[in-house]
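Protein chains: 2
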Amino acid sequence: MEIIDGNQIAASINRELHAEVASLTGRKPCLALVRVGEDPASVSYVKKKEKTAAEIGVTSRIILPPITITQGELFRLIDELNENSTVDGILVQSPLPPHLDEVAVFRRVNPEKDVDGFNTVNLGKIAQEDSSGFVACTPAGIMELLARSHVDLNGKHVVVLGRSLIVGKPIALLALQKKTGANATVTICHSATQNLPAITRQADVLIAAIGRPNFVTATMIKPGAVVIDVGINRLADPSKKSGYRLTGDVNFSEVAPLCSKITPVPGGVGPMTVAMLMQNTVKAFRLRSSR
Amino acid sequence: MEIIDGNQIAASINRELHAEVASLTGRKPCLALVRVGEDPASVSYVKKKEKTAAEIGVTSRIILPPITITQGELFRLIDELNENSTVDGILVQSPLPPHLDEVAVFRRVNPEKDVDGFNTVNLGKIAQEDSSGFVACTPAGIMELLARSHVDLNGKHVVVLGRSLIVGKPIALLALQKKTGANATVTICHSATQNLPAITRQADVLIAAIGRPNFVTATMIKPGAVVIDVGINRLADPSKKSGYRLTGDVNFSEVAPLCSKITPVPGGVGPMTVAMLMQNTVKAFRLRSSR
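So the sequences go chain by chain: X and W. Quick note: to get our numbering, add 172 to the position in the first sequence (first position is 1). Quick note: to get our numbering, add 172 to the position in the second sequence (first position is 1).
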């Protein structure tokens with residue numbers, strides 16, 4: 173059994189991006205990070221993105237509108253970033269406060285600067301197998317983890333647990349693409365699925381993205397399967413300084429011995445998302461420069 | 173075993189649409205049908221659409237550019253229709269001649285007039301479960317056939333054969349939606365799928381859309397399954413005046429006795445597509461009028 177080391181793979185990607193950005197003459201790729209309000213998790217996510225951008229040589233521009241910003245004001249802010257020729261990528265950190273319509277905000281971002289991959293057009297492009305678009309960072313990170321762990325999905329049965337718009341559906345569409353490394357048979361399961369263990373036991377590759385701690389147990393696994401755990405659940409743990417520990421959707425201790433490869437939580441899919449954001453930003457820069 | 177009568181269901185929908193259109197005061201919904209060149213199948217499809225529109229009371233406008241039209245000229249034609257406030261829906265009949273880029277043409281159509289549902293934005297909206305978009309006519313027709321045949325997909329295992337952009341992927345995303353009538357577990361199979369009969373035998377509802385005549389045989393069916401045959405294959409048949417007969421992807425004579433419900437070919441999914449085009453056109457009219 174091999175534990176897939178997301179930290180190490182993300183670090184490799186960041187090094188490659190650093191070399192790529194260093195080789196650029198003139199202006200460097202620029203990522204605008206928009207954070208509305210002071211949500212503590214958002215503060216820490218944006219800080220992490222800013223830090224990684226700096227390591228790679230990507231310019232970041234941090235915009236911190238107050239939590240009272242109206243939808244119209246946020247739209248105008250996004251419009252300005254859309255039109256600003258020195259900005260390549262735009263990320264609006266979610267969650268947004270409840271008075272703002274998140275989907276409408278994501279749609280406002282120019283698809284060509286939508287490095288978060290949440291715009292409707294970029295979702296449609298995954299279905300169209302059109303690689304000119306941007307894939308959301310978590311599903312993109314999963315595909316990259318699999319490729320760099322030498323897991324070829326061709327002809328394999330991939331079972332996805334969860335049908336969310338940011339993980340389940342895009343990863344299913346990516347695994348299904350008629351491309352090298354993909355080309356899998358795909359089953360998508362969710363809360364209404366009957367006889368779930370009978371289905372997950374058919375998975376050559378099981379991708380768990382349902383947000384329920386330790387949900388996937390040994391009886392749900394075919395021996396030799398590859399298991400990708402997308403869950404990031406906080407469980408109360410008084411022994412930790414933070415008061416909690418992170419747990420995936422997979423019961424790691426009982427499932428891992430059955431697997432050929434498995435991602436841990438933390439240190440699996442998580443670290444990949446920021447690397448993919450940077451990769452998307454460099455891609456946006458290149459696409460815009462070549463136009 | 174019940175044979176699902178697509179002709180009858182389509183006729184009901186057309187009658188409902190006729191009543192709806194008759195109740196409109198003022199301008200009627202208008203569909204622009206663009207047919208490039210004289211491909212015989214396209215001539216007959218466009219004629220059928222024009223005829224059904226007339227029956228329902230939808231105005232149709234037929235535009236017949238020559239096969240020599242350039243991409244730029246076709247774009248300008250579409251732009252004019254996009255801007256024309258008396259046009260509600262635009263359909264560019266496929267296939268287009270090889271010198272025209274079909275995907276680019278479909279993307280040129282304003283998503284709000286894209287009654288064919290082929291624009292990237294409308295694909296993305298299916299994934300987003302955003303019902304303000306337009307679903308392509310074949311997958312929309314399948315969902316309508318199932319609903320009007322009282323097949324509730326909730327908790328059922330739907331297996332889709334084929335991953336095309338116009339049938340396989342959208343029908344998979346529709347069956348997966350967290351909506352009344354949908355909410356299914358979905359598996360998508362294709363040419364690279366291993367042990368296909370073992371997967372299709374798990375299907376409560378099997379949707380065959382691969383374009384291979386009589387491909388689905390009795391050994392691939394779970395007794396009691398619902399089978400939807402999307403295939404329209406022409407087989408040479410000297411006994412017919414036309415010289416061919418239409419055959420689905422399902423070996424009807426051996427599969428039908430095992431099913432609870434099955435669609436025939438012809439007379440199953442086929443007749444639904446024009447009815448769905450008309451439904452989309454009336455929807456486009458209503459959405460534009462309410463704006």
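Note that beta-carbon positions come from the ideal geometry of N, C-alpha and C, so glycine has one too.
In this structure the stretch 210-217 of chain X lies against the stretch 263-274 of chain X, because at least three pairs of beta carbons, one per stretch, are closer than 8 Å.
When rounded, the separation of the alpha-carbon atoms in aspartate 409(W) and glycine 420(W) is 15 Å. Taking all protein chains in view, the Cβ of threonine 391(X) is surrounded by fewer than 16 other Cβ atoms within 10 Å, so the residue is classified as exposed. Of all residues in the stretch 315-337 of chain X, the ones placed with a Cβ closer than 7 Å to any Cβ belonging to chain W are Asn326, Gly327, Arg335 and Leu337, in chain order. Against chain X, the CB of asparagine 355(W) has a partner CB under 9 Å away; the residue lies at that interface.
Within the stretch 280-342 of chain W, the alpha helix (DSSP H) runs of at least 4 residues that lie entirely inside it are, in chain order, 292-299 and 309-320. Taking the Cα positions, isoleucine 235(W) is about 12 Å away from glutamate 252(W). Inter-segment contact for the stretch 226-244 of chain X and the stretch 450-457 of chain X is present: three or more beta-carbon pairs are separated by less than 8 Å.
DSSP places threonine 365(W) outside any alpha helix (DSSP H), giving it a letter other than H or E.
At least one CB of chain X lies nearer than 9 Å to the CB of glutamine 366(W). Rounded to whole angstroms, the gap between the alpha carbons of lysine 351(X) and aspartate 302(X) is 11 Å. The C-beta separation of aspartate 260(X) from arginine 460(X) comes to about 6 Å, placing the pair in contact by the 8 Å criterion.
Collapsing the DSSP output to three states places aspartate 401(X) in a strand. Contact check for asparagine 405(X) against proline 429(X) fails: the beta carbons are separated by 9 Å or more.
For valine 377(X), the uninterrupted beta strand (DSSP E) segment begins and ends at 377-380. Contact with chain W is absent for asparagine 405(X), since none of that chain's Cβ atoms lies less than 9 Å from the residue's Cβ.
Under the three-state reduction of DSSP, leucine 272(W) is assigned to coil, being neither helix nor strand. Closest in C-alpha terms to methionine 444(X), from the list Leu272(X), Gln366(X) and Asn179(X), comes Asn179(X). For a cut-off of 8 Å, the C-beta gap from isoleucine 298(X) to valine 281(X) is around 17 Å, too long to register as a contact. Contact between glycine 353(X) and leucine 325(X) holds: CB atoms are separated by about 6 Å, below the 8 Å threshold. The beta carbon of histidine 190(W) sits closer than 8 Å to those of Glu227, Ile228 and Gly229, all from its chain and outside the five residues before and after it, given in chain order. Beta-bridge pairing by DSSP links leucine 418(X) to Arg406(X).
In the structure shown, threonine 357(X) adopts extended strand secondary structure according to DSSP, grouped into three states.
Under the three-state reduction of DSSP output, serine 232(W) falls in the strand class. Alanine 375(X) sits away from isoleucine 360(X), with the two beta carbons spaced by 9 Å or more. Partner residues in the beta bridge of alanine 204(W), as assigned by DSSP, are Arg233(W) and Ile262(W). Contact of cysteine 361(W) with chain X by beta-carbon distance below 8 Å involves Thr357.
Look at the stretch 179-198 of chain W: it has no residue with a C-beta under 8 Å from a C-beta of chain X. In the same chain as lysine 220(X), and ignoring 5 residues on each side of it, the C-beta atoms closer than 8 Å to its own belong to Val446, in chain order. Beta-bridge pairing by DSSP links valine 388(X) to Val422(X). Lysine 285(W) has a beta carbon lying at 9 Å or more from every beta carbon in chain X.
An exposed status is given to histidine 271(X), since fewer than 16 other beta-carbon atoms sit within 10 Å of its beta-carbon.
Going by C-alpha positions, histidine 362(X) is about 17 Å away from isoleucine 343(W). Close partners of glycine 296(X) in chain W (Cβ separation under 7 Å): Thr292, Val293, Leu295 and Gly296. Within chain X, not a single residue places a beta-carbon under 8 Å from that of alanine 380(W); the smallest gap is close to 15 Å.
Valine 422(X) places its beta carbon less than 9 Å from that of valine 388(X).
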